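Numbering-wise, our numbering comes out as the position in the sequence shown, counting from 1, plus 6.
Just so it is clear, CB atoms sit at the ideal spot from N, CA and C, and this is done for glycine as well.
Since we're looking at a predicted model, the values are computed, not measured.
Accompanying notes for the structure given below.
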Amino acid sequence: MAEQQLEFDEVIETLPLHSWSENVPHPVQQNALTSLELGKVLYLPELSFSLMPEEQKLLREDAVKAGRKNISYRPDEHKIAGVAVQSDEQLVHVLMQRYYEHCQQLIEHLLPIYTKVLHTPVNSLRVHPVTTWKKGNSWRKDDSRLHVDAFPSRPIQGQRILRIFTNINPVGEPRVWRVGDKFPQIADQFLPATRSYSRINSWLQHKLGITKSRRTHYDHLMLGLHDAMKANQQYQQQGAQLEVQFPAGSTWICYSDQTPHAAMSGQFMLEQTYLLPISKMASPENSPLKVLENKLDKALL
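Written as C-alpha cells, this is what we have:
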C-alpha cells in the first residue's frame with residue numbers, strides 16, 4: 007500500500023466528451039492542454055470506440071504472433087506487424103486505420119494546437135491480459151512497475167511521447183493503472199541514481215546499429231530514470247501514487263514520457279502514439295527535457 011496516496015484531481019482531469027468529433031468549447035480546450043502539459047492524465051469516461059461485429063473475432067490472444075506484445079500499425083505507411091493469421095490482416099488494417107482517424111478527429115477538436123505538428127503515428131492493438139506481460143520478462147520490461155517511457159533503441163532526442171488509450175474490453179473489465187507524482191519530483195528522486203553519459207558510447211551504439219539514431223544525454227537520462235524507477239521496490243510500494251480504473255468504453259490521454267504510470271490489470275486495448283517537438287508545445291518549459299536541463303543547469307541535446 008502506498009504511504010503517499012495522491013488525490014484523484016491531482017493526477018486526473020476528467021472531460022465529458024461523448025464523440026471523437028465533438029465541438030469542444032475553447033475554455034475546455036485550454037484546460038485540457040494545460041493539464042496535459044503539466045503531466046495530468048486526461049480522462050474521457052464516455053468516449054468509447056465501437057468495433058464492427060466482424061472485428062470482434064480479433065479480440066483473442068492468438069490474433070497476435072507468438073512472442074509479440076501487440077499488433078502494431080503505422081498509418082503513414084499502411085504497414086501492419088504482428089498479425090498471427092494472414093487472413094486477419096485486412097480486418098486489422100480497417101480497424102486500426104479507423105481508430106487512427108478517430109484519434110486525429112479528437113486531436114483536432116480537443117487539442118487543436120497539435121493538429122499539424124504531431125508526427126510518426128503508430129497504433130497498437132493489445133489483446134493479452136496485463137498479467138501475461140510479466141511472465142518471463144525482466145524487471146526492465148515489467149510495465150506493471152511505475153515508470154516514464156523511454157525507447158532504448160529509438161532515441162527521440164527531446165521530443166514528446168503523446169499517447170491515447172481506449173479500453174475495448176467486450177465484457178466490461180476495467181484497465182487498472184497506477185499513476186505517479188509530477189515529473190519534477192520524479193527527477194529529484196531518481197536523477198542521482200542515473201549513470202554518467204558517454205558521447206563515445208552513444209556514437210558506438212549508433213554505428214553498431216544498437217540505436218536507430220544518436221542517443222543524446224537527454225535520452226540517456228530518461229532511460230536511467232525509467233530503470234531507476236522500476237528497480238526501486240520501496241518506491242513501487244510506498245511512493246506517491248494513485249490507483250485508477252479506466253472502465254471499458256473509456257479513453258484517456260497522457261504524455262507517457264512525463265506521467266509515471268503502471269498497468270496493473272485489464273485486457274483488450276487500442277493505443278495511439280505520436281511524437282511532438284517540444285517547440286510546438288504551448289508550454290515547453292514543462293517538458294521533461296527543460297525540467298532536466300534546469301535541474302542540471304546544462305544543455306542535454
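Only residues of its own chain outside the window of five on either side were considered, and among them 246 have a CB closer than 6 angstroms to the CB of residue 10, listed in chain order. Just so you know, the alpha carbons of residue 27 and residue 200 end up roughly 43 angstroms apart. Going by beta carbons, residue 152 and residue 235 fall inside the 8 angstroms limit. By the beta-carbon neighbour count (other beta carbons within 10 angstroms, threshold 16), residue 300 is exposed. About 7 angstroms separates the Cβ atoms of residue 113 and residue 124, confirming a contact at the 8 angstroms cut-off.
In terms of CA proximity to residue 150, 182 leads the group 127, 129, 182. Taking a cut-off of 8 angstroms on C-beta distances, the stretch 155-168 touches the stretch 260-278, as three or more cross pairs fall below it.
With a threshold of 16 other beta carbon atoms within 10 Å, residue 307 falls short and is exposed. Residue 14 is not a Cβ neighbour of residue 174, given a cutoff of 8 angstroms. By the 16-neighbour rule on beta-carbons within 10 angstroms, residue 87 is exposed. If you check the CB distance, residue 129 and residue 279 come in under 8 angstroms. When rounded, the separation of the alpha-carbon atoms in residue 80 and residue 31 is 31 angstroms. Pairing residue 136 with residue 269 gives a Cβ-Cβ distance under 8 angstroms. Contact annotation: the stretch 65-76 does not touch the stretch 184-201, with fewer than three C-beta pairs closer than 8 angstroms. Secondary structure note for residue 125: its beta strand (DSSP E) is the uninterrupted segment 125-132.
For residue 41, the enclosing alpha helix (DSSP H) starts and ends at 32-43.
In this structure residue 282 touches residue 120 by the C-beta definition: roughly 6 angstroms separates them, less than 8 angstroms. Residue pairing of residue 153 in beta bridges, as defined by DSSP: 267.
Shortest Cα-Cα distance from residue 83 to any of 126, 290, 143 involves 126. Cβ contact annotation for residue 171 (same chain, cutoff 7 angstroms, sequence separation greater than five): 257, 258, 275, 277, in chain order. Secondary structure at residue 261: strand, using DSSP grouped into helix, strand and coil. Proximity to residue 211 across 91, 251, 158 peaks at 158, based on C-alpha coordinates.
By the CB criterion at 8 angstroms, residue 297 and residue 250 fall outside the cutoff.
For residue 146, the closest alpha carbon among the candidates 53, 231, 213 is that of 231. Sequence-distant Cβ neighbours of residue 208 in its own chain, meaning closer than 6 angstroms and more than five residues away, are 220, 221.
Secondary structure at residue 95: helix, using DSSP grouped into helix, strand and coil. Apart from the 5 residues on each side of it in sequence, residue 305 sits with its Cβ closer than 7 angstroms to the Cβ of 299 in its chain, given in chain order.
Straight through space, the alpha carbons of residue 99 and residue 108 are spaced by roughly 14 angstroms.
Between the alpha carbons of residue 45 and residue 38 lies a gap of roughly 11 angstroms. Annotated as distal: residue 229 and residue 288, with beta-carbon spacing of 8 angstroms or more. For residue 223, the closest of 254, 161, 240 by C-alpha to C-alpha distance is 161.
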